[in-house]
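Engineer: Okay, handing you the structure first.
Residue numbers (the numbering used here), protein chains in the order written: chain A, 1 to 134; chain B, 135 to 269.
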């Protein structure tokens, strides 16, 4: 089973069109110059033995990626909508590319969301990615 | 309760320990009846027939030599028979042991995208005996 750290590394190692900065951990604060940005939240998972012997374990790892795009106080709703759907498509493309390189079953969900980071609201996307092995 | 909790189960085929690849093993023991019509009698006489023992191991495909698939495939390809030993609760002295000489009739590795590859092996057991582990 992929470790939590390896799974987070797989996701933050993706090349996503339009992302200006990738953080490998949640940032304390964000500079608008670095937006859109991408960072992982804490993962969760489960594990269970698969065989009589101790060598094989299966289970799942799940992780949210937060992708703030723009402060919610800036721009028009139409601009924000266009930017968010474009970013969701870019994330989808990057996750498809990652899927063919990883040894586990990768599934994901993407939703547009209002993200609060360092007390500032950002429009952005949230990816919930899951790795499963069984 | 005398129920058996499966812990540290050990499966050996052709002297190789396949426990690391296996997660289910079953043995089927059947004794079909034989029937005959005694000459001049108007009834059928039924008696115990010969016992048949078959087995099935389900588990995971591994690329390694001496894995479940590797051992079973080699036996099937060569038409070989070899020792099989099944210890449902491990090999500690006094635990159940099912053993005999196995022949392989089916090896089915299955490859599915996004999942570990599976393998199922089945065959027959000659000279079957149930005993307890002694060492």
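We put the CB at the ideal spot given by N, CA and C, even for glycine.
Please classify residue 173 (chain B): is it buried, with 16 or more other beta-carbons within 10 angstroms of its beta-carbon, or exposed?
Structural biologist: Residue 173 (chain B) comes out exposed.
Engineer: Taking the Cβ atom as the reference point for each residue, do residue 140 (chain B) and residue 232 (chain B) lie within a distance shorter than 7 angstroms?
Structural biologist: Contact flag unset, no.
Engineer: First and last residue of the beta strand (DSSP E) that includes residue 131 (chain A)?
Structural biologist: Where residue 131 (chain A) is concerned, the enclosing beta strand (DSSP E) stretches over 120 to 133.
Engineer: Residues of the region 40 to 51 of chain A in Cβ contact with chain B at a cutoff of 9 angstroms, in chain order, please.
Structural biologist: Answer set for the region 40 to 51 of chain A: 49, 50, 51.
Engineer: Return no unless some Cβ of chain A is closer than 7 angstroms to the Cβ of residue 194 (chain B).
Structural biologist: By this cut-off, residue 194 (chain B) is an interface position.
Engineer: Might you give, ordered along the chain, the residues of its own chain that have their beta carbon closer than 6 angstroms to the beta carbon of residue 264 (chain B), omitting 5 neighbours on each side?
Structural biologist: If we look at residue 264 (chain B) and ignore the five residues flanking it on each side, its Cβ neighbours are 232.
Engineer: Shortest alpha-carbon distance to residue 192 (chain B) belongs to which of B:251, B:267, B:215, B:150?
Structural biologist: Out of B:251, B:267, B:215, B:150, B:251 has the C-alpha closest to the C-alpha of residue 192 (chain B).
Engineer: Considering just the uninterrupted stretch of the beta strand (DSSP E) at residue 50 (chain A), what are its terminal residues?
Structural biologist: No beta strand (DSSP E) contains residue 50 (chain A), which DSSP labels as neither H nor E.
Engineer: Could you name the residues of the same chain whose beta carbon sits closer than 8 angstroms to that of residue 183 (chain B), not counting the 5 residues immediately before and after it, in chain order?
Structural biologist: So the list reads 165, 166, 167, 168, once near-sequence residues are dropped.
Engineer: I want to see whether chain A comes within less than 7 angstroms of residue 240 (chain B), judged by CB atoms only; does it?
Structural biologist: With 7 angstroms as the cut-off, residue 240 (chain B) does not count as an interface residue toward chain A.
Engineer: Chain B beta carbons: is any one of them nearer than 7 angstroms to that of residue 105 (chain A)?
Structural biologist: Residue 105 (chain A) counts as touching chain B.
Engineer: Go to residue 37 (chain A), then tell me how far its beta strand (DSSP E) extends in each direction, as first and last residue.
Structural biologist: Run containing residue 37 (chain A): 37 to 40, per the beta strand (DSSP E) assignment.
Engineer: Closest to residue 218 (chain B) by C-alpha separation, out of B:228, B:268, B:190, would be which residue?
Structural biologist: When only C-alpha atoms are compared, the closest one is B:190.
Engineer: Once the 5 residues before and after residue 70 (chain A) are set aside, which same chain residues still bring their CB inside 7 angstroms of it?
Structural biologist: The residues are 35, 80, 83, 122, 123.
Engineer: Determine the direct distance from the alpha carbon of residue 266 (chain B) to that of residue 209 (chain B), and round the result to whole angstroms.
Structural biologist: Each residue's alpha carbon lies about 26 angstroms from the other.
Engineer: Pair every Cβ in the region 191 to 207 of chain B with every Cβ in the region 241 to 251 of chain B, then say whether three or more of these pairs are closer than 8 angstroms.
Structural biologist: As far as the Cβ criterion goes, the region 191 to 207 of chain B touches the region 241 to 251 of chain B, which means the pair count is three or higher.
Engineer: Which residue from A:18, A:21, A:102 puts its Cα closest to that of residue 2 (chain A)?
Structural biologist: That would be A:102, whose Cα lies nearest to the Cα of residue 2 (chain A).
Engineer: Within 7 angstroms (strictly less), CB to CB, does residue 157 (chain B) reach chain A?
Structural biologist: For residue 157 (chain B), the answer is yes, since a Cβ of chain A falls inside 7 angstroms of its Cβ.
Engineer: Distance, Cα to Cα, residue 9 (chain A) vs residue 149 (chain B)?
Structural biologist: Distance between the alpha carbons of residue 9 (chain A) and residue 149 (chain B): 41 angstroms.
Engineer: In chain order, what residues of the same chain have a beta carbon less than 7 angstroms from the beta carbon of residue 227 (chain B), not counting five sequence neighbours either side?
Structural biologist: Excluding positions up to five away in sequence, the list reads 267, 268, 269.
Engineer: Return the chain-ordered list of same chain residues with a C-beta closer than 7 angstroms to the C-beta of residue 52 (chain A), the five sequence neighbours on each side being excluded.
Structural biologist: No residues qualify anywhere along the chain.
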